[in-house]
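To start, the structure itself, in structure tokens.
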Amino acid sequence: MEFGSGLREGGKVACLQFNPSLGEVKENMRRAEELLEGSGEFRGGGIDWLILPEMAFSGYNFPSLQHIQPFLEPTASGPSTKWAIRTANRYNCHVTVGYPETVKFKLLAARHSTLLHNSFARSHLPVPKRYNSTVTVNPQGEVIYHYRKCFLYYTDESWADEGPGIPISLPSVTTPENPFRSVDLGTPLGQIHHGICMDINPYKFIDYTKYEFATAALSAKAPTIVLSMAWLTNLSPDELALDPNKPDMNTFAYWMDRFWPVNRGMEEVTMIFANRCGVEDNARYAGSSTVVRVRQGDIRVFGQLGKAEEGVLVVDTKQVGYSASLVAPRSYSSLRY
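Per the UniProt record's numbering, the very first residue in the sequence shown carries number 1; after that it's consecutive.
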């Protein structure tokens with residue numbers, strides 16, 4: 001398999017980092033639109049891809065299924081998808097947004113009337129599935145990719161099922177042993193390897209020496225890796241408030257560590273980390289959305305947002321990033337979010 005092209009050959013990407021309030025979907029959408037409109041660089045046009053965080057409009061830190069139930073959205077057709085379609089049409093760009101998904105099995109009354117009167121049969125009807133998902137639409141407002149988080153964090157486990165994602169009418173690269181896949185999204189995005197937050201950690205934190213997501217990306221020869229995230233930080237609220245426009249470099253170093261196999265690879269790979277910021281109850285988010293390019297241990301940063309900064313990071317991957325000096329691999333292994 002040849003190494004793909006895509007954003008490695010250049011393109012303009014944007015990460016929308018903001019602080020959504022838990023359960024305030026309409027207000028969070030309004031805030032996102034306000035930030036996009038307030039970014040002259042984004043409104044200037046030419047954006048190829050806008051990427052939002054994990055569960056961008058619902059918020060993330062729901063303690064139970066009961067709490068998140070009112071905010072679950074039907075597959076690629078709920079409020080988040082409709083927002084993505086409007087935004088893609090308006091700005092003529094691809095849009096990826098995270099949302100909590102529910103898959104409901106439709107039962108036709110006539111077809112199932114006999115079954116529904118049988119208590120045993122009722123107990124064996126398909127149970128609705130729920131996923132922590134992302135949806136991607138093109139500038140024409142068409143859904144071209146849908147992904148379901150594979151490796152769940154503790155918070156996800158209270159309500160969500162494990163993925164993997166669904167490539168909609170797209171060729172994918174995966175193996176039975178690894179749930180992660182790469183897909184070709186066509187020009188200008190090309191082949192991408194997409195995940196959500198905890199996907200980059202080892203499964204259930206069992207073995208830190210395993211790099212399931214990174215290894216799959218390397219095996220698929222994906223030139224672009226994209227993460228929608230609601231990544232936590234150990235920083236206190238006071239520490240987050242200190243120099244809010246500076247990134248959390250411990251978190252950034254940890255992300256790079258989890259991509260150690262990719263970082264040491266022979267080919268250039270562009271990586272996009274679209275995180276959220278802010279605080280939800282006891283959950284504090286790391287912000288620090290970043291676009292980097294790596295090859296043979298060299299890390300080139302195109303741009304970063306601060307750890308508590310709301311804004312739109314716009315980068316042109318045709319440019320040359322600045323070099324980042326980080327700690328050696330695995331030295332941040334205790335920072336397991």
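Glycine residues also receive a C-beta, built at the ideal position from the N, C-alpha and C atoms.
Using 8 Å for Cβ pairs, my map puts residue i next to residue j. What's the rounded Cβ distance?
i, j, result
"E267", "R295", "7 Å"
"E310", "C277", "6 Å"
"W159", "F62", "7 Å"
"P244", "K204", "P244 to K204, Cβ: 33 Å. No contact."
"T134", "G190", "In fact, because the Cβ distance is near 18 Å, the residues do not count as touching under 8 Å."
"K261", "T224", "The displayed chain sequence assigns Pro, not Lys, to residue 261. Between T224 and P261 the Cβ distance is about 16 Å, and since that is not below 8 Å, they are no contact."
"T136", "T96", "4 Å"
"S289", "C15", "4 Å"
"V301", "F42", "So it is not a contact: roughly 19 Å between Cβ atoms."
"G45", "I85", "The pair is not a contact, with the Cβ atoms about 19 Å apart (cut-off 8 Å)."
From residue i to residue j, what distance separates their C-alpha atoms?
i, j, result
"Q17", "K104", "31 Å"
"G40", "P128", "43 Å"
"L152", "I68", "16 Å"
"M55", "G38", "22 Å"
"I192", "A253", "22 Å"
"K210", "P179", "14 Å"
"M249", "N234", "12 Å"
"G163", "T317", "30 Å"
"P53", "A230", "6 Å"
"Y131", "V226", "18 Å"
"S219", "T75", "29 Å"
"D199", "C150", "6 Å"
"I47", "P237", "33 Å"
"P70", "L22", "12 Å"
"R284", "P247", "14 Å"
"residue 344", "N201", "The shown model of the chain, from 1 to 337, leaves out residue 344, and the question about it has no answer."
"A91", "I51", "In the sequence as presented, Ala is not what sits at residue 91; that position holds Tyr. Going from the Cα of Y91 to the Cα of I51 covers about 13 Å."
"N19", "V279", "7 Å"
"A222", "E27", "36 Å"
"L232", "A274", "13 Å"
"H194", "S182", "7 Å"
"I206", "T87", "39 Å"
"E24", "H94", "25 Å"
"S77", "M29", "16 Å"
"P139", "E73", "22 Å"
"V269", "D184", "15 Å"
"I272", "V291", "5 Å"
"E101", "S80", "10 Å"
"K82", "Q66", "24 Å"
"G297", "W255", "14 Å"
DSSP on residue i, reduced to helix/strand/coil?
i, result
"P79", "helix"
"T102", "strand"
"A14", "strand"
"V127", "coil"
"I47", "coil"
"Q140", "coil"
"T187", "coil"
"E33", "helix"
"F302", "strand"
"D316", "strand"
"Y154", "helix"
"R293", "strand"
"E309", "coil"
"Y60", "coil"
"M256", "helix"
"R86", "helix"
"T209", "coil"
"E280", "strand"
"P261", "helix"
"S219", "helix"
"G195", "strand"
"A160", "coil"
Which residue or residues does DSSP assign as beta-bridge partners of residue i?
i, result
"W231", "Looking at the DSSP assignment, W231 forms no beta bridge with any residue, so it has no partner."
"E268", "E268 pairs with nothing; no bridge assigned."
If you count every other CB in all the chains shown that lies within 10 Å of the CB of residue i, and 16 or more means buried, which is it?
i, result
"A241", "exposed"
"P171", "For P171, the predicted model reports a pLDDT of 46, less than 50, meaning its position is unreliable and no value from the coordinates is stated."
"E157", "exposed"
"D257", "buried"
"Q304", "buried"
"I144", "buried"
"P167", "Note that P167 has pLDDT 46, beneath the 50 cutoff, so the model's placement of it is unreliable and the number below is only indicative. Flag for P167 reads buried."
"T187", "exposed"
"V13", "buried"
"V315", "buried"
"V320", "exposed"
"N282", "exposed"
"R148", "buried"
"S64", "exposed"
"S228", "buried"
"E34", "exposed"
"G265", "buried"
"G11", "buried"
Checking contacts by CB at 8 Å: is residue i closer than that to chain B?
i, result
"Y154", "Among the protein chains of the structure shown there is no chain B, as only one such chain exists."
Would you check whether the ligand MN has a heavy atom nearer than 7 Å to the C-beta of residue i?
i, result
"I299", "Only the bare structure without any ligand can be found here, which leaves the ligand MN out of the picture."
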